[in-house]
Amino acid sequence: MRAIFQFALVCISVLGFCHFSHGANKQPNIVVIFSDDHAYQAISAYGDSRKLLQTPNIDRIGSKGVRFDRCLVTNSICGPSRATLLTGKYSHLNGFYNNSNSKFDGSQQTFPKLLQKAGYQTAIIGKWHLISEPTGFDHWHILPGQGIYYNPPMIRNGEKVQHQGYTTDLISEFSIDWLKNRDKSKPFLLMSQHKAPHREWAPALRHLGHDNDRIYPEPSNLFDDYSNRGLATRDQDMTIEKTFTKLDAKLVTPTNMTTEQLQKWNAYYQPRNEKYFKEDPKGKDLVRWRYNRYMHDYLGTIKAVDESVGKMLDFLDKEGLAENTIVVYAADQGFFLGEHGWFDKRWILEESLRTPMLISWPKVSKSSSVNKNLTGLIDLAQTFLEAAGIDAPKDMQGRSLLPLLNGKVPDDWRKSFYYHYYEYPVPHRVRPHYGVITDRFKLVHFYRPDVDYWELYDREKDPNEMKSFYADPSYADVVKELKVELARLRSDLKDNVGAPKEAYGNSENQKKKKQ
Ligand code: SGN
Ligand code: CA
Numbered sequence: 332m333r334a335i336f337q338f339a340l341v342c343i344s345v346l347g348f349c350h351f352s353h354g355a356n357k358q359p360n361i362v363v364i365f366s367d368d369h370a371y372q373a374i375s376a377y378g379d380s381r382k383l384l385q386t387p388n389i390d391r392i393g394s395k396g397v398r399f400d401r402c403l404v405t406n407s408i409c410g411p412s413r414a415t416l417l418t419g420k421y422s423h424l425n426g427f428y429n430n431s432n433s434k435f436d437g438s439q440q441t442f443p444k445l446l447q448k449a450g451y452q453t454a455i456i457g458k459w460h461l462i463s464e465p466t467g468f469d470h471w472h473i474l475p476g477q478g479i480y481y482n483p484p485m486i487r488n489g490e491k492v493q494h495q496g497y498t499t500d501l502i503s504e505f506s507i508d509w510l511k512n513r514d515k516s517k518p519f520l521l522m523s524q525h526k527a528p529h530r531e532w533a534p535a536l537r538h539l540g541h542d543n544d545r546i547y548p549e550p551s552n553l554f555d556d557y558s559n560r561g562l563a564t565r566d567q568d569m570t571i572e573k574t575f576t577k578l579d580a581k582l583v584t585p586t587n588m589t590t591e592q593l594q595k596w597n598a599y600y601q602p603r604n605e606k607y608f609k610e611d612p613k614g615k616d617l618v619r620w621r622y623n624r625y626m627h628d629y630l631g632t633i634k635a636v637d638e639s640v641g642k643m644l645d646f647l648d649k650e651g652l653a654e655n656t657i658v659v660y661a662a663d664q665g666f667f668l669g670e671h672g673w674f675d676k677r678w679i680l681e682e683s684l685r686t687p688m689l690i691s692w693p694k695v696s697k698s699s700s701v702n703k704n705l706t707g708l709i710d711l712a713q714t715f716l717e718a719a720g721i722d723a724p725k726d727m728q729g730r731s732l733l734p735l736l737n738g739k740v741p742d743d744w745r746k747s748f749y750y751h752y753y754e755y756p757v758p759h760r761v762r763p764h765y766g767v768i769t770d771r772f773k774l775v776h777f778y779r780p781d782v783d784y785w786e787l788y789d790r791e792k793d794p795n796e797m798k799s800f801y802a803d804p805s806y807a808d809v810v811k812e813l814k815v816e817l818a819r820l821r822s823d824l825k826d827n828v829g830a831p832k833e834a835y836g837n838s839e840n841q842k843k844k845k846q
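Plus 331 on top of the position in the sequence shown (first one is 1) and you've got the working numbering.
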């Protein structure tokens with residue numbers, strides 16, 4: 332009798348342990364690998380027609396899970412997009428509108444805080460860019476501001492630290508070290524956030540020359556003349572022709588390298604720069620030269636990011652963690668790789684609105700699948716909470732992607748998506764605009780008094796978004812319907828009261844920072 336009683340006690344305590352601890356793998360681990368300005372055109376899994384580069388490791392996430400083809404951002408720049416990821420809310424509710432004078436209110440609700448409260452160990456390593464100190468993380472080790480590519484200073488749990496090496500490699504190393512030293516009895520959230528491939532696109536020394544001086548295929552609209560669209564499109568400051576600097580072109584050297592690093596850097600760039608000065612290209616030839624330099628450098632930085640993803644996936648495999656770990660690869664927004672003659676982002680146009688997103692959770696996700704629904708980074712907070720068995724707070728504005736991970740799209744999945752960009756005029760002079768996006772159309776309103784007009788894009792007829800159909804009478808019904816839908820979204824999402832003046836940034840601050 333006593334033996335039976337003891338046996339029952341053991342069973343109860345084992346069951347109890349399984350129920351409450353991570354031992355039973357109830358709650359998944361979460362690894363978010365988040366890069367800065369990574370265009371989907373520069374991930375081989377997305378199959379860009381230019382075949383810009385191979386990213387075998389990022390592609391591995393897609394082959395174990397889902398490639399999201401229409402993952403959109405709510406406001407296509409860094410800080411705002413990151414604030415949306417953390418809060419599951421648009422800029423007008425989380426208060427972070429722009430990169431120039433917004434400061435993240437760290438006392439507000441975020442998904443890392445909710446996971447932490449539910450027993451997760453949480454860490455963020457790499458680019459943060461939200462001005463205030465991170466909250467909701469047991470461990471944080473971040474780049475100040477934008478961060479730099481070589482020998483970066485960082486801030487580790489409030490303390491300044493100086494590192495030697497290439498930033499992408501360091502972030503990768505620190506991320507894996509944190510995993511090695513974690514408390515193994517708890518599930519974890521790790522946000523590993525790269526600086527690359529952000530401007531000024533400085534590759535690792537081992538990747539200089541990665542493309543053997545390839546001449547890259549050009550996008551068909553590299554020489555866009557901006558006709559058939561409004562003033563905002565013509566009056567921006569983000570062209571390869573006019574805005575690209577000497578630093579972008581590597582005609583001057585970065586300032587923060589060691590002598591040894593600089594030697595290797597110069598061994599690659601100097602002879603090529605001499606050739607450039609000798610040939611002294613002008614007009615379209617100059618744009619073409621810059622475009623090729625841009626592609627070499629931008630794609631070069633991604634090589635290190637891809638290697639870093641490979642190391643992380645290998646580590647999870649080796650530790651037996653892969654099966655019950657959600658791995659997300661995404662960026663804070665998309666990027667123009669010469670389309671419309673541009674670099675940078677900000678616009679509601681496809682290249683900057685869409686961000687790459689690949690998610691695997693082998694225990695749940697259907698392998699090698701592709702999702703074409705309208706999704707967003709704003710959906711990730713609720714996705715993680717649902718995966719962890721936590722009820723998402725009602726004021727979050729996305730929707731869990733969990734059903735989509737195994738191919739079940741709810742009938743009432745969204746058919747339209749709302750976008751609102753603010754920062755103006757510095758940098759890049761992109762006018763504030765909001766709009767509604769559907770599978771086929773985009774209705775956009777540039778709405779400030781200096782420039783106030785509408786545009787309509789039809790991606791079926793005009794996939795490169797070279798023309799506004801707003802004034803075309805045959806689209807009158809589409810415009811009418813989309814205006815109703817836009818008003819509905821603005822009201823449902825509570826963005827119909829007008830933004831405060833500060834939402835648009837502070838150009839004086841920006842100028843000072845540049846000096
Ligand atoms: C810097 C860049 C801009 C870029 C913003 C925002 N200029 O100001 O080109 O648009 O960051 O980027 S730079 O010459 O200083 O690199 S974001 O990714 O942080 O939003
Ligand atoms: Ca960015």
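Every residue, glycine too, gets a C-beta built ideally from N, C-alpha and C.
Proximity of residue i and residue j at Cβ, strictly below 8 Å
| i | j | result |
| --- | --- | --- |
| Ile569 | Phe674 | Per the sequence shown, residue 569 should be read as Met rather than Ile. Contact: yes. |
| Asp770 | Leu630 | no |
| Tyr607 | Ile571 | no |
| Ala527 | Thr499 | yes |
| His525 | Lys458 | yes |
| Ala712 | Gly729 | yes |
| Leu539 | Tyr625 | no |
| Asn655 | Asn360 | yes |
| Ser412 | Gly437 | no |
| Ile502 | Ser516 | no |
| Ala834 | Tyr753 | yes |
| Val761 | Arg677 | yes |
| Gly410 | Asn432 | no |
| Leu424 | Lys825 | yes |
| Glu427 | Phe435 | The residue asked about is misnamed: residue 427 is Phe in this sequence, not Glu. Yes; because the gap between Cβ atoms is below 8 Å, this pair is in contact. |
| Leu474 | Ala414 | no |
| Ser799 | Asn604 | no |
| Lys811 | Tyr788 | no |
| Leu716 | Leu445 | yes |
Classification of residue i by the beta-carbon crowding that lies within 10 angstroms, buried from 16 upward
| i | result |
| --- | --- |
| Val341 | Unreliable placement is indicated for Val341, whose pLDDT of 43 sits below 50; no coordinate value is reported for it. |
| Phe338 | Below a pLDDT of 50, predicted positions are generally treated as unreliable, and Phe338, at 47, falls in that range; the measurement from the model is reported next regardless. Exposed, since its Cβ has fewer than 16 Cβ neighbours within 10 Å. |
| Lys491 | exposed |
| Leu291 | Missing from the structure shown is residue 291; the chain here goes from 332 to 846 and no further. |
| Gly720 | exposed |
| Ser422 | buried |
| Gly669 | buried |
| Ala449 | exposed |
| Arg565 | exposed |
| Ser696 | buried |
| Gln358 | buried |
| Ile374 | buried |
| Thr418 | buried |
| Gln846 | With a pLDDT of only 37 at Gln846, under 50, the local geometry of the prediction cannot be trusted, and the value read off the model is given with reservation. With fewer than 16 Cβ atoms within 10 Å of its Cβ, Gln846 is classed as exposed. |
| Val583 | exposed |
| Val658 | buried |
| Glu610 | exposed |
| Asn702 | buried |
| Thr632 | buried |
Per DSSP, cross-strand counterpart(s) of residue i
| i | result |
| --- | --- |
| Thr453 | Leu520 |
| Ile690 | Val397, Val659 |
| His671 | Paired residues: none, contrary to the question. |
| Asn702 | Phe399 |
| Asp360 | Note on residue identity: the sequence assigns Asn, not Asp, to residue 360. Answer is Thr656. |
| Val404 | For Val404, which the question treats as bridged, DSSP gives no partner whatsoever. |
| Thr786 | According to the sequence shown, residue 786 is Glu rather than Thr. Val775, per the DSSP bridge assignment. |
| Gly766 | Tyr750, Val775 |
| Leu474 | Lys458 |
| Thr570 | Trp673 |
| Gly707 | Leu403 |
Query - Segment contact flag, the segment 636-652 with the segment 357-375, C-beta cutoff 8 Å, min 3 pairs - result: yes
Report task. Flag this pair as touching only if the segment 710-728 and the segment 756-776 have three or more C-beta atom pairs under 8 Å; answer yes or no. Result -> no
Requested in this report: Evaluate contact between the segment 402-422 and the segment 696-713, counting only Cβ atoms and requiring at least three cross-stretch pairs below 8 Å.
Outcome: yes
Report task. Go through the segment 476-540 residue by residue and report every complete run of the beta strand (DSSP E) that reaches 3 residues or more, in order. Result -> 484-487, 490-493, 519-524
**Report entry** Three CB pairs or more closer than 8 Å across the segment 742-759 and the segment 803-812
**Finding:** no
Query - Segment contact, 8 Å Cβ cut-off, at least three pairs: the segment 450-465 with the segment 782-799 - result: no
Report task. Could you tell me whether the segment 383-395 touches the segment 679-696, where touching means 3 or more Cβ pairs closer than 8 Å? Result -> yes
Query raised in the report: Are there three or more Cβ pairs, one per stretch, closer than 8 Å when the segment 468-484 is compared with the segment 439-453?
Result: yes
**Report entry** Three CB pairs or more closer than 8 Å across the segment 477-492 and the segment 577-588
**Finding:** yes
Query raised in the report: So, do the segment 377-388 and the segment 676-685 have three or more beta carbon pairs nearer to each other than 8 Å?
Result: no
Query raised in the report: What runs of the alpha helix (DSSP H), each 4 residues or longer, lie entirely inside the segment 560-628?
Result: 562-565, 590-610
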